[in-house]
Amino acid sequence: MSNVSHARSDLSGHPDASEMRARYDRVMGGRDVALVDAPVFLVGLYCAVSPWVLHFTASQPALVTHNLVMGIAIAVLALGFTMMPERMYGLSWAMCAIGAWIIVSTWVVGNSPDAGIVINNIIVGGLTVLLGMVCAGAAARTRST
């Protein structure tokens, strides 16, 4: 029986290592945060359906439309991050602005919302800002390398 344990130890001496690394970087687009795309999409979907989850469709019709539109916008950004990351991560700061607007809009768009609506929009907006900052940081790291 032959000893093949040396084949699994290190690929740095492989003649095609640099070509494999370049191909992997091309396929991944230099992305470090592929795992952030799914949470961004889920936050967008939750923002869009939150009026029906929290049952404020009758009491806050303006916020229903607002959360639906903002949630769809966040979900579309997430899909863009997934499909064209090298082009879309520049919009990460826009996602931060959308998150900040979701927090503030509770009082601007809403008509004396109750505590549940306020807490919901603060959490959704905060998560959107946080995930936007993570995406923006990854985009800055990718550009600097």
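Just remember that the numbering used here sits 1141 ahead of the position in the sequence shown, which is counted from 1.
From the three backbone atoms N, C-alpha and C, an ideal C-beta is built for every residue, glycine too.
Using 8 Å as the threshold, is the C-beta distance between valine 1190 and cysteine 1237 below it?
no
Between the segment 1225-1233 and the segment 1249-1260, can you find at least three pairs of beta-carbon atoms closer than 8 Å?
no
What three-state label does DSSP hand valine 1184 in the structure shown?
helix
For aspartate 1178, is the classification buried or exposed, using 16 other Cβ atoms within 10 angstroms of its Cβ as the cut-off for buried?
buried
Proline 1254 versus leucine 1186: straight-line alpha-carbon distance, rounded:
21 Å
By a C-beta neighbour count over all protein chains shown, 10 Å radius and 16 as the cutoff for buried, is glycine 1251 buried or exposed?
buried
Rounded to whole angstroms, what is the Cα-Cα separation between isoleucine 1215 and valine 1184?
8 Å
Could you check what DSSP says for phenylalanine 1197 in three-state terms: helix, strand or coil?
coil
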